[in-house]
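**Q** In the numbering used here, the protein residues as written are 3 to 174.
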Ligand code: FES
Ligand code: FES
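#1: What beta strand (DSSP E) runs, 3 residues minimum, are completely inside the region 7–76?
#2: Please name the residue or residues paired with residue 5 in a DSSP beta bridge.
#3: Would residue 77 pass as a contact of residue 110 if the rule is Cβ separation under 9 Å?
#4: Under 8 Å: does the beta carbon of residue 38 sit that close to some heavy atom of ligand 1?
#5: Considering only heavy atoms of ligand 1, does any lie closer than 8 Å to the CB of residue 133?
#6: When you measure from the CB of residue 47 to every non-hydrogen atom of ligand 1, does any distance come out below 8 Å?
#7: Please list the terminal residues of the continuous alpha helix (DSSP H) segment that includes residue 84.
#8: Spatial neighbours of residue 125 within its chain, please: CB distance less than 7 Å, with the 5 preceding and 5 following residues excluded, ordered by chain position.
#9: Where does the unbroken alpha helix (DSSP H) through residue 126 begin, and where does it stop?
#10: Could you round the C-beta distance between residue 58 and residue 21 to whole angstroms and report it? I think they count as a contact, below 8 Å.
#11: Terminal residues of the continuous alpha helix (DSSP H) containing residue 103?
#12: When you compare each of 64, 50, 69 to residue 11 by their alpha carbons, which one comes out closest?
#13: Output yes or no for whether 9 Å exceeds the beta carbon distance between residue 66 and residue 5.
#14: Name, in chain order, the residues that DSSP records as bridge partners for residue 79.
#15: At the level of alpha carbons, what is the spacing between residue 105 and residue 43?
#16: Counting C-beta neighbours from all protein chains within 10 Å, is the total for residue 15 16 or more, i.e. buried, or is it exposed?
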């Protein structure tokens with residue numbers, strides 16, 4: 003099986019019925035997609051496959067042979083966050099962080115197809131992504147902030163200097 007993950011091409015040796023989630027984590031050591039329910043109902047394993055958000059626990063490798071996959075690792079880095087990651091940080095949209103890769107991936111996919119979603123459209127896009135920490139309001143606030151074009155440059159400069167960043171929201 004062949005996959006391009008975060009722009010890097012890989013030949014995989016995992017059996018064809020191995021889930022994409024397990025192949026990413028166990029063969030490629032890409033552990034951003036998290037192992038949750040493994041039955042498609044929590045969203046924490048979400049990745050982008052050929053432009054669409056998909057639950058990697060439900061995808062056998064055989065179904066994604068030759069695909070382009072983006073995981074949370076392909077979006078930003080600790081000192082150069084993607085805007086969606088910066089917004090989650092600034093608005094306290096992430097606490098334990100377990101659901102965050104899936105939430106961020108779903109948000110990036112939403113904003114790709116609809117750069118100006120309503121609050122209801124954001125809720126619909128994140129429906130089925132379970133979070134046990136934030137209560138969802140702060141996550142949706144973060145997505146709205148990105149959609150209205152809020153700048154996170156100051157946060158990025160602060161982080162790049164290794165200084166403590168001031169969040170915009172309030173903790174739960
Ligand atoms: S681990 Fe895939 S949806 Fe829960
Ligand atoms: S931040 Fe902990 S599960 Fe969502």
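For glycine and all other residues, C-beta sits at the position ideal for the given N, C-alpha and C.
**A** Taking the definition as stated:
#1: Correct list: 10–13, 48–51, 54–57, 70–72.
#2: Within the chain shown, the letter at position 3 stands for residue 5. 12, per the DSSP bridge assignment.
#3: Along the chain shown, one-based indexing puts residue 77 at 75. Along the chain shown, one-based indexing puts residue 110 at 108. Yes; because the gap between Cβ atoms is below 9 Å, this pair is in contact.
#4: Sequence index remark: in the chain shown, residue 38 carries index 36 (1-based). Yes, since a heavy atom of ligand 1 falls inside the 8 Å radius drawn around the Cβ of residue 38.
#5: By one-based count along the chain shown, residue 133 stands at place 131. Judged by the Cβ position, residue 133 fails to qualify as a neighbour of ligand 1 at the 8 Å threshold, every heavy atom of the ligand being at least this far.
#6: The residue you call residue 47 lines up with position 45 of the chain shown. Because some heavy atom of ligand 1 lies under 8 Å away, the Cβ of residue 47 counts as near it: yes.
#7: Counting from 1 along the chain shown, the entry for residue 84 is found at position 82. Neither: residue 84 is in no alpha helix (DSSP H) and is coded neither H nor E.
#8: For the purposes of this step, residue 125 is taken as the residue at position 123 of the chain shown. Excluding sequence neighbours, residue 125 sits near 142.
#9: To locate residue 126, count along the chain shown from 1; it is residue 124. 121–128 is the extent of the alpha helix (DSSP H) around residue 126.
#10: The residue given as residue 58 occupies position 56 in the chain shown. The residue given as residue 21 occupies position 19 in the chain shown. Correct: roughly 7 Å between the Cβ atoms.
#11: If you number the chain shown from 1, residue 103 lands on position 101. Segment 102–115, the alpha helix (DSSP H) holding residue 103.
#12: Within the chain shown, the letter at position 9 stands for residue 11. Ranking the options by Cα distance to residue 11, first place goes to 69.
#13: Along the chain shown, read from residue 1 onward, the residue named residue 66 stands at position 64. Along the chain shown, read from residue 1 onward, the residue named residue 5 stands at position 3. Result yes, Cβ atoms of residue 66 and residue 5 sit closer than 9 Å.
#14: For this step, residue 79 is matched to residue 77 along the chain shown. Beta-bridge pairing links residue 79 to 82.
#15: Within the chain shown, residue 105 is the residue found at index 103, counting from 1. Within the chain shown, residue 43 is the residue found at index 41, counting from 1. Residue 105 and residue 43 have their C-alpha atoms some 13 Å from each other.
#16: Sequence index remark: in the chain shown, residue 15 carries index 13 (1-based). Counting other Cβ atoms within 10 Å of its Cβ, residue 15 stays below 16 and is therefore classed as exposed.
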